[in-house]
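Engineer: The structure is given below, and queries will be raised subsequently.
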Amino acid sequence: MTGPQDAERPHVTVVFAGQSESWAKWIEHQIRAAGRGTTLVRWNPLQRPPTADALTDLLEAPGRILLLIDDWYEKLGTGRFEAWAAALRQVLPAHRERIAAVSITAKALPDAVIALAPVELRGLRPEAARSRVLECAGIAAPMTLVALAPGPRFPDDLPEVWNAQRRNRRFTGRTRLLETVHDTFAAAGTDGCSLALHGPGGMGKTQLALEYVHRFAGDYDIVWWVTAAGRITPREQFAALAPRLGIEVSGQLDTVIDAVRRELTRTARPWLLVLDGAEAPDKVRDLIPEGRGHVLVTTLSADWAAHTEAAVPIPPFERTESVAFVGRRAARLAEEDAERLAEAVEDMPLLLDQMAAWLDVTPTADVPGYIKDIRGGRPDRFGVVESRDYPESFQVAWAKTLNTLREGAATAWQLLNLLACFSPDVVPVRLLQTARRGDLPRPLAELVSEPSSWNTALRRLSEITSMRVEYEPGRMDIQRVSTLRMHRLFHRYVVGIQSPHDRKRYSEAARKILVTADPRDPGSRANWARYADLIPHLEPSGALASTDDDVRELVLNCIEYLRMRGEENDGWWFSKEAVRHWRAASGPTDRAVLVAVHQQANMLRSLGRSAEAEAVGRDILDRLTATGSARPIEVIRAKDGLAGTLMAMGRYDEARGLFEEAASQASAELGGESVPRTLSLRSNLAVALGLQGHYGGALALHRRILEDRVQLLGGKNPLTLHSALRTAWMLRLLGNYAEARQIQGHNSRLHAQVLDHRHSQTLYAEHNLALCDRRLGDLAAAQDGMGQVHEKVLRRRGELHPDSLMVACDYAMLLRQVGRPDQARELAERTADLYRRQLGAAHPYAIGARDNVAGLLRDAGDVDAALVLSGRVRADMERAVGPGHPWALGCALNGAITLILAGDTESAAAVAGPAAEWSVRVVGESHVLTRDLRSIVTLGPELLVGGVPHWDFEPQPI
């Protein structure tokens, strides 16, 4: 029943086209805040017959009708627009008192729309726009209420964090698909959701995602667009979100990515992440956060359906969409011609866009003849060799487009040939603008020097090929092109038709541009963004196969940047490809080849692929040795690299021998023991000594290196911090816990200041600090510190990485000590199994991890199983590292304790006695390991009265 108050407050129905969703929601909120009921009606005139009855059905809604006018009318085509205009003229007079309109388009309105007397909202402040909306809704000023409740953001205000491209004003149709995406995300509520738009190239997946981003921007506070194709670009672009979220972190890329993911996971602000052009899911899976946000993926691969909550296949346009789009793109085409063109290119959005663009800029072209060529022509008629990679109609269409460029816009044609030698995903327009004139072909050199001519050429290229351009302010307030995006399908086609001469000429120019842009210092963080920009273009420009020294230096600098950023997978791939090409062209002992091989082995070792790293390292050392004329520094580098690999494989004696040779040669060849390169080699030698169990010798060498580095580099240099970390590590292993804790506490603070909290070296420092706290009895601090390190390294590296396994091994035994035996055993068994699979059962780390499991079995009362396992482990460890190694002595201690618990005191003493003698010589009389071994011999079962001693196997960082 309706009362007088309801009559005074009539219902308001807001009618809008789908593309104006954010405005419609904002208007709805303002009307509701003013005390009126509202209904939103999404109304698509493309999907309805243009009749008066259709409008009359719309007007059956109660109360007032508020029409939201945007530029949707441009998509209707002339015939359909006139039909709707006639229907509006027929219906409007009888309902004028109930109908009002607001306009959000900046374009001139046609007469049929002007008849609605729409009130303009664009360009107003939110308060003024709100007043106009309420007035149009028939809400008198005295009845208005202040909208205090939180609501949608004003549509003209972009989200606080935003990096999407500008909106494509030619976007047409796809209403159902957009509604599907929106409804899927909305249904997820606060649980978050990921959705993949998948389908063949050219279907408009990127444009659909871009339209969603703009249409529903009001739903989000954070919108971040990532170009997800390629190797390093998606990770760099995702990491670039960090400063926008207020995250102060730098260093290795994994560290920054982890920080961004964590922030998005815990933030209450609604966010949208777009991964555009994603390839295999495993390449970008680590970029997808948890949390309440939305992830929108565009991809060619249907495999994403198994990795997202929803997957939407993207088909060609519906025919009505095709006709509307062509009519909007090329206004001179009649509706019948637009329909024939759509049929010729099978309603493929990319082809429709490019064909309509060509017809628009070629006003003298015969439209029926053009369509006939597309439908039945052969590519070779237009100077293009036929390819099986594309349908003939596509090839003919592109051939005609390129012929137009070649014949009527020569400079734009040359520019397209040059751009085809770069990655299509991130065409480096700025690099071209800053290139040296001598790096470019002459016509392009003159073009780049004049901003207005440069912009004109790019704009002409965009008009004919339908490539999208973005602008930014330039010098003297001249707007310059900042980015240009070429569809990958079209890029591949252009590359495919280039003549060998053109390909050689323009790729050489592209490589010169990249070399000029090389900062030549990948170790400096200030240059990291530039290297991230350069890397996507190495492969398409032919840099990886180049014989030019400067180009090879660029590639090596990019690989070193990847190593510095912790991007070992990409670093391995680029170094492998460089070695493959350069070795064939220049031989195995060329300087650039040797550096690339060294980096390849480094990356393999960091990835835990030690056997492959050894094969690479040994091959190059053998080749260098065989020549007899290799430069000393190359031999030194090869020995250092191979020794590092052998050390990771548990072959410590061989590693030490090579390190000693390399350090001795470096001292003789490079100017003494205290030059930076020799110090690095001596540091590696000290690590090898520690892994051999010579803790005292390792400590003495680390201390000397620390003193030299303090004098040479200063106390806060990362290499100096590394030496201090190693010094504290050896002090702890020797039982000097208080001194180790003092040094490590200061060292950890400096690491956090100089590097950052998630850098791998900082994690080593925090890890050792937790171990020091544990040995000093501060279990609460140890558990807190070790738990954080374990979480960080898992997020950053995954459980298979050597760093993750090292931390997990120690964390499991800490959990045992703090009274969490079930978690300790689960983690210890998992770590032992992963070590076995990663390194092999005979590796000392795999053996030591099994000894930790034996101790946990003993704690659980399964003495028989512990006895069997500890006996095997003790024998295995002695074979691996020798009976006098501290690890073998620790296994002997644990085995003897298990024998006592099994009632075999005599055998326990037989095991502990010789081990105690070894321990005195290796770690000294006062070391806890020596004391416990001797106590087994002298006290036997009485030793267990005060608690069961246990030695924990602790892997060392390599």
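Here my numbering is used: the first residue of the sequence shown is 9, the next is one more, and so on.
The C-beta atom is built at its ideal place from N, Cα and C for all residues, glycine as well.
Please read all numbers here as calculations on a predicted model, not as lab measurements.
Which one of 517, 865, 838 has the shortest CA to CA distance from residue 452?
Structural biologist: Walking along the sequence shown from the start, residue 452 turns up at place 444. Nearest option by C-alpha distance: 517.
Engineer: Alpha carbon to alpha carbon, how far is residue 605 from residue 625? Give it in angstroms, no decimals.
Structural biologist: The residue you call residue 625 lines up with position 617 of the sequence shown. The residue you call residue 605 lines up with position 597 of the sequence shown. C-alpha separation (whole angstroms): 8 Å.
Engineer: Can the beta-carbon of residue 743 be found closer than 9 Å to that of residue 932?
Structural biologist: Sequence index remark: in the sequence shown, residue 743 carries index 735 (1-based). Sequence index remark: in the sequence shown, residue 932 carries index 924 (1-based). Contact flag set, yes.
Engineer: Going straight from the alpha carbon of residue 242 to that of residue 827, what length do you get?
Structural biologist: Your numbering for residue 242 matches position 234 in the sequence shown. Your numbering for residue 827 matches position 819 in the sequence shown. Their backbone Cα atoms lie some 43 Å apart in a straight line.
Engineer: Would you mind reading off the limits of the beta strand (DSSP E) that contains residue 686?
Structural biologist: As a first step, residue 686 is located in the sequence shown; it is residue number 678 there, counting from the start. Run containing residue 686: none in the beta strand (DSSP E); it sits in the alpha helix (DSSP H), 684 to 699.
Engineer: To which residues of the same chain is residue 857 closer than 6 Å at the C-beta, ignoring the five residues directly before and after it?
Structural biologist: Stepping through the sequence shown from its first residue, residue 857 is reached at position 849. The answer, listed in chain order, is 817, 839, 840, 843.
Engineer: Look up residue 610 in the DSSP assignment and say whether it is helix, strand or coil.
Structural biologist: Here the question's residue 610 lines up with position 602 in the sequence shown. If DSSP states are grouped into helix, strand and coil, residue 610 belongs with the helices.
Engineer: My output table needs one value for residue 284: the three-state DSSP class, helix, strand or coil.
Structural biologist: The residue given as residue 284 occupies position 276 in the sequence shown. Of the three classes helix, strand and coil, the one that applies to residue 284 here is strand, per DSSP.
Engineer: Could you give the DSSP three-state label for residue 834: helix, strand or coil?
Structural biologist: In the sequence shown, counting from the first residue as 1, residue 834 sits at position 826. Residue 834 falls in the helix class under three-state DSSP.
Engineer: Whole angstroms are fine: how far does the CA of residue 809 sit from the CA of residue 731?
Structural biologist: Counted from its first residue, the sequence shown places residue 731 at position 723. Counted from its first residue, the sequence shown places residue 809 at position 801. The straight-line gap from Cα to Cα measures roughly 23 Å.
Engineer: Nearest to residue 718 by alpha carbon, out of 46, 779, 683, 460?
Structural biologist: Counted from its first residue, the sequence shown places residue 718 at position 710. Measuring from the Cα of residue 718, the nearest candidate turns out to be 683.
Engineer: List the endpoints of the continuous beta strand (DSSP E) containing residue 306.
Structural biologist: Taking the first residue of the sequence shown as 1, we reach residue 306 at position 298. Taken as a continuous stretch (DSSP letters only), the beta strand (DSSP E) holding residue 306 covers 302 to 307.
Engineer: I need the DSSP call for residue 74, collapsed to helix, strand or coil.
Structural biologist: Here residue 74 corresponds to residue number 66 of the sequence shown, with the count starting at 1. Residue state, collapsed to three classes: strand.
Engineer: Mind reading off the beta-carbon distance from residue 550 to residue 507? Whole number of angstroms is fine, and I expect it under 8 Å.
Structural biologist: Walking along the sequence shown from the start, residue 550 turns up at place 542. Walking along the sequence shown from the start, residue 507 turns up at place 499. The pair is not a contact, with the Cβ atoms about 15 Å apart (cut-off 8 Å).
Engineer: Can you say whether residue 560 is buried or exposed, counting buried as having 16 or more other CB atoms within 10 angstroms of its CB?
Structural biologist: Sequence index remark: in the sequence shown, residue 560 carries index 552 (1-based). Buried is the call here.
Engineer: Please list the segments of the alpha helix (DSSP H) lying wholly inside the region 559 to 597, counting only runs of 4 or more residues, in order along the chain.
Structural biologist: Segments of the alpha helix (DSSP H) lying fully in the region 559 to 597: 576 to 594.
Engineer: Taking the alpha-carbon positions, what's the residue 512 to residue 449 distance?
Structural biologist: Residue numbering aside, residue 512 sits at position 504 when the sequence shown is read from its first letter. Residue numbering aside, residue 449 sits at position 441 when the sequence shown is read from its first letter. Their backbone Cα atoms lie some 12 Å apart in a straight line.
Engineer: Does residue 206 come out as helix, strand or coil in the three-state DSSP assignment?
Structural biologist: Along the sequence shown, one-based indexing puts residue 206 at 198. The answer is strand: DSSP assigns residue 206 an E or B state.
Engineer: Ends of the alpha helix (DSSP H) at residue 230?
Structural biologist: Position 222 of the sequence shown holds residue 230. First-last for residue 230: 230 to 235, but that is the beta strand (DSSP E), not the alpha helix (DSSP H).
Engineer: Just list the residues that DSSP pairs residue 201 with in beta bridges.
Structural biologist: By one-based count along the sequence shown, residue 201 stands at place 193. Residue 201 is bridged to 302.
Engineer: Residues in its own chain within less than 7 Å of residue 953 by CB, not counting five upstream and five downstream?
Structural biologist: Numbered from its first residue, the sequence shown carries residue 953 at position 945. Counting only Cβ-Cβ distances below 7 Å, and skipping sequence neighbours, we find nothing.
Engineer: For a test of the three-state rule: what should DSSP assign to residue 69, helix, strand or coil?
Structural biologist: Looking up residue 69 in the sequence shown gives position 61. Looking at residue 69 - three-state DSSP - the assignment turns out to be coil, as it is neither helix nor strand.
Engineer: When DSSP builds the beta bridges, which residues end up paired with residue 476?
Structural biologist: To locate residue 476, count along the sequence shown from 1; it is residue 468. Per DSSP, 493.
Engineer: Using DSSP's beta-bridge definition, name the partner residues of residue 50.
Structural biologist: The count along the sequence shown starts at 1 and reaches residue 50 at position 42. BP columns for residue 50 point to 24.
Engineer: State the DSSP-derived secondary structure class of residue 111, mapped to helix, strand or coil.
Structural biologist: Sequence index remark: in the sequence shown, residue 111 carries index 103 (1-based). In this structure, residue 111 counts as strand in the three-state DSSP scheme.
Engineer: Rounded to a whole number of angstroms, what is the C-alpha to C-alpha distance between residue 356 and residue 645?
Structural biologist: Within the sequence shown, the letter at position 348 stands for residue 356. Within the sequence shown, the letter at position 637 stands for residue 645. Distance between the alpha carbons of residue 356 and residue 645 is about 55 Å.
Engineer: Report the option in 570, 519, 522 whose CA atom is closest to the CA atom of residue 532.
Structural biologist: Position 524 of the sequence shown, counted from the start, is the residue given in the question as residue 532. Considering only alpha carbons, the answer is 570.
Engineer: Spatial neighbours of residue 156 within its chain, please: C-beta separation below 6 Å, excluding the five flanking residues on both sides.
Structural biologist: Taking the first residue of the sequence shown as 1, we reach residue 156 at position 148. Legend: pLDDT at residue 156 = 45, less than 50; position of this residue unreliable, value from coordinates given subsequently. Closer than 6 Å at Cβ, skipping near neighbours: no residue.
Engineer: Which word fits residue 417, buried or exposed, when buried means at least 16 other C-beta atoms lie within 10 angstroms of its C-beta?
Structural biologist: Here residue 417 is taken as the residue at index 409 of the sequence shown, counted from 1. By the neighbour-count rule (16 or more Cβ atoms within 10 Å), residue 417 is buried.
Engineer: Which same chain residues, not among the five before or five after residue 167, have their C-beta less than 8 Å away from its C-beta?
Structural biologist: The count along the sequence shown starts at 1 and reaches residue 167 at position 159. Result list for residue 167: 161, 225, 228, 229, 230, 231, in chain order.
Engineer: Can you tell me whether residue 422 is buried or exposed, with buried defined as 16 or more other CB within 10 angstroms of its CB?
Structural biologist: Here residue 422 refers to the residue found at position 414 of the sequence shown. Classification for residue 422: buried.
Engineer: Look up residue 318 in the DSSP assignment and give the residues it is bridged to.
Structural biologist: Residue numbering aside, residue 318 sits at position 310 when the sequence shown is read from its first letter. According to DSSP, which records beta bridges pairwise, residue 318 is partnered with 203.
Engineer: What residue range is occupied by the uninterrupted alpha helix (DSSP H) comprising residue 291?
Structural biologist: Walking along the sequence shown from the start, residue 291 turns up at place 283. Where residue 291 is concerned, the enclosing alpha helix (DSSP H) stretches over 289 to 292.
Engineer: If contacts are defined as beta-carbon pairs under 8 Å, then residue 593 and residue 635 qualify, I think. What distance do you get, rounded to the angstrom?
Structural biologist: In the sequence shown, the residue the question calls residue 593 occupies position 585. In the sequence shown, the residue the question calls residue 635 occupies position 627. Going by Cβ atoms, the distance from residue 593 to residue 635 rounds to 18 Å, so no, they are not a contact pair.
Engineer: Taking the alpha helix (DSSP H) that residue 807 falls in, what are its first and last residues?
Structural biologist: Taking the first residue of the sequence shown as 1, we reach residue 807 at position 799. First-last for residue 807: undefined, no H or E at that position.
Engineer: Nearest by alpha-carbon distance to residue 212: which of 674, 195, 176 is it?
Structural biologist: The sequence position of residue 212 within the sequence shown is 204, counting from 1. For the residues 674, 195, 176, the minimum Cα distance to residue 212 belongs to 176.
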